[in-house]
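Residue numbers (the UniProt record's numbering): 1 to 192.
Presented below is the structure to which this report refers.
Right, dumping it as C-alpha coordinates:
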(Lines of atoms letter the chains of each structure in order from A and count residues from 1; the text may use other names and numbers.)
(Lines give C-alpha, C1' and ligand atoms only; values in the text may rest on other atoms or scores of the structure.)
Protein backbone atom coordinates (compact mmCIF):
# COMPACT_ATOMS: atom_id res chain seq x y z
CA UNK A 1 0.00 0.00 0.00
CA UNK A 2 2.82 2.39 0.85
CA UNK A 3 4.42 2.33 -2.60
CA UNK A 4 1.05 2.79 -4.31
CA UNK A 5 0.16 5.73 -2.05
CA UNK A 6 3.57 7.29 -2.73
CA UNK A 7 3.03 7.04 -6.50
CA UNK A 8 -0.44 8.59 -6.32
CA UNK A 9 0.81 11.37 -4.02
CA UNK A 10 3.59 12.25 -6.44
CA UNK A 11 1.17 12.17 -9.37
CA UNK A 12 -1.26 14.69 -7.87
CA UNK A 13 1.27 17.15 -6.48
CA UNK A 14 1.02 19.22 -9.66
CA UNK A 15 -2.70 19.74 -9.02
CA UNK A 16 -2.31 21.33 -5.62
CA UNK A 17 -2.42 24.90 -6.93
CA UNK A 18 -6.24 24.61 -6.78
CA UNK A 19 -8.74 22.99 -4.41
CA UNK A 20 -8.60 19.20 -4.62
CA UNK A 21 -11.07 16.51 -3.57
CA UNK A 22 -9.62 13.03 -3.20
CA UNK A 23 -12.20 10.29 -3.81
CA UNK A 24 -11.59 6.59 -3.46
CA UNK A 25 -13.92 3.61 -3.56
CA UNK A 26 -13.25 0.34 -1.71
CA UNK A 27 -9.46 -0.16 -1.82
CA UNK A 28 -9.22 3.32 -3.34
CA UNK A 29 -10.63 4.80 -0.12
CA UNK A 30 -7.66 3.42 1.79
CA UNK A 31 -5.25 4.69 -0.87
CA UNK A 32 -6.94 8.10 -0.64
CA UNK A 33 -6.52 8.08 3.14
CA UNK A 34 -2.81 7.30 2.84
CA UNK A 35 -2.34 9.97 0.14
CA UNK A 36 -4.16 12.56 2.24
CA UNK A 37 -1.99 11.60 5.22
CA UNK A 38 1.17 12.11 3.18
CA UNK A 39 0.01 15.50 1.92
CA UNK A 40 -1.00 16.55 5.44
CA UNK A 41 2.41 15.55 6.78
CA UNK A 42 4.04 17.75 4.12
CA UNK A 43 1.86 20.78 4.87
CA UNK A 44 -0.03 20.42 1.58
CA UNK A 45 -3.34 19.55 3.17
CA UNK A 46 -4.89 22.98 2.68
CA UNK A 47 -5.22 22.28 -1.04
CA UNK A 48 -7.07 19.06 -0.18
CA UNK A 49 -10.59 20.26 0.62
CA UNK A 50 -12.07 16.86 1.30
CA UNK A 51 -11.36 13.17 1.36
CA UNK A 52 -14.35 11.20 0.06
CA UNK A 53 -14.28 7.54 1.00
CA UNK A 54 -16.75 5.08 -0.44
CA UNK A 55 -17.48 1.42 0.15
CA UNK A 56 -14.76 0.97 2.75
CA UNK A 57 -14.41 0.50 6.46
CA UNK A 58 -12.24 3.04 8.25
CA UNK A 59 -8.56 2.31 8.90
CA UNK A 60 -8.30 -0.02 11.85
CA UNK A 61 -11.69 -1.51 10.97
CA UNK A 62 -10.72 -3.01 7.61
CA UNK A 63 -10.95 -6.74 7.13
CA UNK A 64 -11.23 -9.17 4.28
CA UNK A 65 -14.71 -8.98 2.79
CA UNK A 66 -16.93 -11.88 3.76
CA UNK A 67 -16.43 -14.70 1.27
CA UNK A 68 -13.36 -13.05 -0.24
CA UNK A 69 -10.66 -13.91 2.29
CA UNK A 70 -8.86 -16.16 -0.20
CA UNK A 71 -9.47 -14.01 -3.29
CA UNK A 72 -5.76 -13.56 -3.92
CA UNK A 73 -5.22 -17.29 -4.36
CA UNK A 74 -8.39 -18.36 -6.21
CA UNK A 75 -8.31 -19.87 -9.68
CA UNK A 76 -9.16 -17.54 -12.55
CA UNK A 77 -12.67 -18.97 -12.96
CA UNK A 78 -13.38 -18.82 -9.22
CA UNK A 79 -12.13 -15.24 -9.03
CA UNK A 80 -14.34 -14.17 -11.95
CA UNK A 81 -17.34 -15.91 -10.35
CA UNK A 82 -16.64 -14.12 -7.06
CA UNK A 83 -16.46 -10.78 -8.89
CA UNK A 84 -19.76 -11.49 -10.64
CA UNK A 85 -21.42 -12.27 -7.30
CA UNK A 86 -20.10 -9.00 -5.84
CA UNK A 87 -21.86 -6.96 -8.53
CA UNK A 88 -18.65 -5.72 -10.17
CA UNK A 89 -19.21 -3.91 -13.48
CA UNK A 90 -17.41 -4.38 -16.81
CA UNK A 91 -16.70 -8.07 -16.38
CA UNK A 92 -17.27 -8.76 -20.08
CA UNK A 93 -13.65 -7.66 -20.51
CA UNK A 94 -12.63 -10.85 -18.74
CA UNK A 95 -14.12 -12.95 -21.54
CA UNK A 96 -11.14 -11.92 -23.67
CA UNK A 97 -8.13 -14.15 -22.80
CA UNK A 98 -5.66 -11.30 -23.34
CA UNK A 99 -7.53 -8.94 -21.04
CA UNK A 100 -8.02 -11.72 -18.50
CA UNK A 101 -4.26 -12.35 -18.37
CA UNK A 102 -3.64 -8.66 -17.65
CA UNK A 103 -6.55 -7.86 -15.33
CA UNK A 104 -6.79 -10.89 -13.06
CA UNK A 105 -3.24 -10.61 -11.66
CA UNK A 106 -3.90 -6.93 -10.90
CA UNK A 107 -7.22 -7.77 -9.21
CA UNK A 108 -5.55 -10.50 -7.14
CA UNK A 109 -2.84 -8.07 -6.12
CA UNK A 110 -5.45 -5.50 -5.04
CA UNK A 111 -7.03 -8.09 -2.75
CA UNK A 112 -3.64 -8.99 -1.29
CA UNK A 113 -2.83 -5.32 -0.63
CA UNK A 114 -6.12 -4.71 1.18
CA UNK A 115 -5.83 -7.90 3.22
CA UNK A 116 -2.29 -6.98 4.33
CA UNK A 117 -3.11 -3.31 4.95
CA UNK A 118 -2.36 -1.73 8.29
CA UNK A 119 -2.79 2.04 8.49
CA UNK A 120 0.39 3.99 9.05
CA UNK A 121 0.40 5.54 12.53
CA UNK A 122 -0.63 9.20 12.42
CA UNK A 123 -2.85 11.65 14.21
CA UNK A 124 -6.26 12.66 12.97
CA UNK A 125 -6.30 14.24 9.51
CA UNK A 126 -7.05 17.97 9.40
CA UNK A 127 -9.26 17.44 6.35
CA UNK A 128 -13.02 17.07 5.95
CA UNK A 129 -14.11 13.51 5.31
CA UNK A 130 -17.29 12.44 3.56
CA UNK A 131 -18.01 8.72 3.85
CA UNK A 132 -20.42 7.06 1.41
CA UNK A 133 -21.87 3.59 1.18
CA UNK A 134 -24.55 1.50 -0.44
CA UNK A 135 -27.47 0.61 1.80
CA UNK A 136 -27.30 -3.03 0.70
CA UNK A 137 -23.50 -3.39 0.62
CA UNK A 138 -22.86 -7.01 1.60
CA UNK A 139 -19.23 -6.36 2.54
CA UNK A 140 -19.27 -3.47 5.00
CA UNK A 141 -21.54 -2.37 7.79
CA UNK A 142 -22.67 1.25 8.26
CA UNK A 143 -20.85 1.47 11.61
CA UNK A 144 -17.58 0.53 9.86
CA UNK A 145 -18.10 3.35 7.36
CA UNK A 146 -19.12 5.85 10.04
CA UNK A 147 -15.89 4.99 11.88
CA UNK A 148 -14.11 7.25 9.37
CA UNK A 149 -15.20 10.05 11.72
CA UNK A 150 -12.45 8.90 14.11
CA UNK A 151 -9.62 9.69 11.67
CA UNK A 152 -10.41 13.37 11.10
CA UNK A 153 -10.32 16.47 13.24
CA UNK A 154 -12.32 18.19 10.52
CA UNK A 155 -15.96 18.00 9.57
CA UNK A 156 -17.39 14.54 8.95
CA UNK A 157 -20.41 13.58 6.85
CA UNK A 158 -21.93 10.20 6.15
CA UNK A 159 -24.33 9.46 3.28
CA UNK A 160 -25.79 6.20 2.12
CA UNK A 161 -27.45 5.41 -1.18
CA UNK A 162 -29.66 2.63 -2.52
CA UNK A 163 -27.59 -0.23 -3.88
CA UNK A 164 -24.82 -2.63 -3.00
CA UNK A 165 -21.04 -2.33 -2.98
CA UNK A 166 -20.98 -0.82 -6.47
CA UNK A 167 -23.90 1.58 -5.85
CA UNK A 168 -21.90 4.48 -7.24
CA UNK A 169 -21.99 3.16 -10.81
CA UNK A 170 -25.70 3.98 -10.81
CA UNK A 171 -25.54 7.12 -8.66
CA UNK A 172 -22.76 9.16 -10.27
CA UNK A 173 -24.50 12.54 -9.94
CA UNK A 174 -25.36 11.94 -6.28
CA UNK A 175 -21.79 10.88 -5.50
CA UNK A 176 -20.31 13.94 -7.23
CA UNK A 177 -22.79 16.20 -5.43
CA UNK A 178 -21.87 14.65 -2.06
CA UNK A 179 -18.16 14.99 -2.84
CA UNK A 180 -18.34 18.64 -3.80
CA UNK A 181 -21.04 20.10 -1.55
CA UNK A 182 -20.01 23.11 0.51
CA UNK A 183 -16.37 23.12 -0.55
CA UNK A 184 -14.72 26.48 -0.08
CA UNK A 185 -11.56 27.85 -1.60
CA UNK A 186 -8.25 28.73 -0.04
CA UNK A 187 -4.53 28.87 -0.52
CA UNK A 188 -2.40 25.81 -0.97
CA UNK A 189 1.01 25.31 0.58
CA UNK A 190 4.23 24.41 -1.17
CA UNK A 191 5.13 20.75 -1.40
CA UNK A 192 7.88 19.12 0.61
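We put the CB at the ideal spot given by N, CA and C, even for glycine.
Since the model is a prediction, treat every value here as computed from it, not as a measurement.
Taking residue i and residue j to be in contact with their CB atoms under 8 Å, please state how far apart those CB atoms are, rounded to whole angstroms.
i: residue 132; j: residue 176; result: That pair is no contact at about 11 Å.
i: residue 36; j: residue 125; result: 6 Å
i: residue 112; j: residue 60; result: Not really, about 19 Å apart at Cβ, beyond 8 Å.
i: residue 51; j: residue 114; result: Going by Cβ atoms, the distance from residue 51 to residue 114 rounds to 18 Å, so no, they are not a contact pair.
What separation, rounded to the nearest whole angstrom, lies between the Cα atoms of residue i and residue j?
i: residue 123; j: residue 83; result: 35 Å
i: residue 97; j: residue 58; result: 36 Å
i: residue 92; j: residue 107; result: 15 Å
i: residue 90; j: residue 54; result: 19 Å
i: residue 191; j: residue 70; result: With a pLDDT of 40 at residue 191, under the threshold of 50, the modelled position of that residue is not reliable, and no figure is offered here.
i: residue 137; j: residue 180; result: 23 Å
i: residue 41; j: residue 29; result: 18 Å
i: residue 74; j: residue 134; result: 26 Å
i: residue 16; j: residue 152; result: 20 Å
i: residue 154; j: residue 20; result: 16 Å
If you drop the 5 nearest sequence neighbours on each side, which residues of the same chain put their C-beta closer than 7 Å to that of residue i?
i: residue 171; result: 161, 163
i: residue 25; result: 54, 55, 168
i: residue 88; result: 166
i: residue 99; result: 93
In chain order, what residues of the same chain lie with their CB nearer than 8 Å to the CB of residue i, ignoring the 5 residues before and after it?
i: residue 104; result: 76, 79, 80, 94
i: residue 116; result: 1
Count the other C-beta atoms from every protein chain shown that fall within 10 angstroms of the C-beta of residue i, then say buried if there are 16 or more, exposed otherwise.
i: residue 102; result: exposed
i: residue 5; result: buried
i: residue 18; result: exposed
i: residue 32; result: buried
i: residue 34; result: buried
Once you ignore the five residues that flank residue i on each side, which residues in its own chain have a CB closer than 6 Å to its CB?
i: residue 159; result: 132, 178
i: residue 156; result: 129, 149
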